[in-house]
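Read through the structure below, which is laid out as structure tokens, and then see the notes.
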Amino acid sequence: MKVTSATFISSFSDVAKCPAPDKAEFAFIGRSNVGKSSLINMLTNVRKLAKTSVTPGKTQTINHFLINETWYLVDLPGYGYANVSKSTRQGFGKMIEDYVMKRENLYCLFILLDSRLPPQNIDLTFIEWAGSKEIPVALVFTKVDKLKANELQKNLAQYKKALLTRWEELPPLFLTSSEKAFGRDELLEFMDGAMKDSNGPDAGNK
Ligand code: GTP
Ligand code: MG
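This is how it looks when you write it as structure tokens:
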């Protein structure tokens, strides 16, 4: 699939205020700084479409981007960012939880994982929670340019092992580097396939 246009629609602090759920939607979630916003820029090939930062906690709202005039990519705030106050953190938690649970046109929630790290409890907990709510998920390992092939394989094997103790089968899994545009075609094809397989937004989450 080719991305021919990508437009920022708006930021929302509440799922109830998001655009009408009449288009297919794919969202990115994961720990702060894992590379969610960078991945959106990489996929759309627009460098500064989503705001990125070296400091965690950059994205604090639900951000909709309209792609090819027909479907949405959504940038979400990170979870597990320790340096914001507890009340703010719980706010992020609720915003994310509400979005994931209530967004009826959500075709797939991409859960981003830092490929440089061994399995992190917070990520495993989030994956398990999304699974328990029957949210369609896929896993995206980010920043693969930052480690050697053997280190990547080691971390991947550990993740798969940890997931298979809780899941019968693994969700779809992608390896990406926003720096090198690695994994772009695979992700776009996956989204294209998900849209072609369904009969419209109602075939999404709910
Ligand atoms: P929050 O909005 O704070 O939750 O973070 P985020 O998940 O949106 O992360 P963001 O895209 O802002 O990226 C965080 C940092 O990681 C930035 O400095 C990016 O340049 C860097 N980064 C993201 N993806 C990659 C990647 O694939 N490779 C490398 N080398 N750096 C990356
Ligand atoms: Mg961000």
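Per the working numbering, the very first residue in the sequence shown carries number 406; after that it's consecutive.
From the three backbone atoms N, C-alpha and C, an ideal C-beta is built for every residue, glycine too.
Since this is a predicted model, take the numbers as computed values, not measurements.
Count the other CB atoms, across all protein chains shown, that sit within 10 Å of the CB of residue i; report buried if there are 16 or more and exposed otherwise.
i    : result
L514 : buried
T581 : buried
E533 : exposed
R571 : exposed
S603 : exposed
R436 : buried
L568 : buried
N510 : buried
T464 : buried
G609 : Here the model assigns G609 a pLDDT of 47, short of 50, so the residue's position is not dependable, and the following value carries that caveat. The residue is buried, with at least 16 neighbouring Cβ atoms inside 10 Å.
K407 : exposed
S583 : buried
Could you work out which residue in the options is closest to residue i when comparing CA atoms only?
i    : options                   : result
S443 : F546, D419, P524 and G485 : F546
F417 : N473, V459 and D503       : D503
S458 : V451, I467 and V439       : V439
Y512 : L529, P426 and T530       : P426
K422 : F433, V408 and T466       : T466
N468 : G483, L552, F413 and G498 : F413
T409 : K456, F431 and E474       : E474
L454 : A411, A554 and K551       : A411
M500 : I472, A432 and D419       : D419
N526 : Y564, L552 and K551       : Y564
Identify the residues that DSSP records as bridge partners of residue i: which are they?
i    : result
L514 : A432 and V542
S415 : H469
Self-check item: the segment 586-597 touching the segment 436-451, judged by at least three CB pairs closer than 8 Å
Solution: The answer is yes - the segment 436-451 touches the segment 586-597, with three or more Cβ pairs under 8 Å.
Practice problem: Tell me, please, whether the segment 508-524 touches the segment 544-564 by the rule of three or more beta-carbon pairs shorter than 8 Å. | Solution: Here the segment 508-524 makes contact with the segment 544-564; the two share three or more CB pairs at distances below 8 Å.
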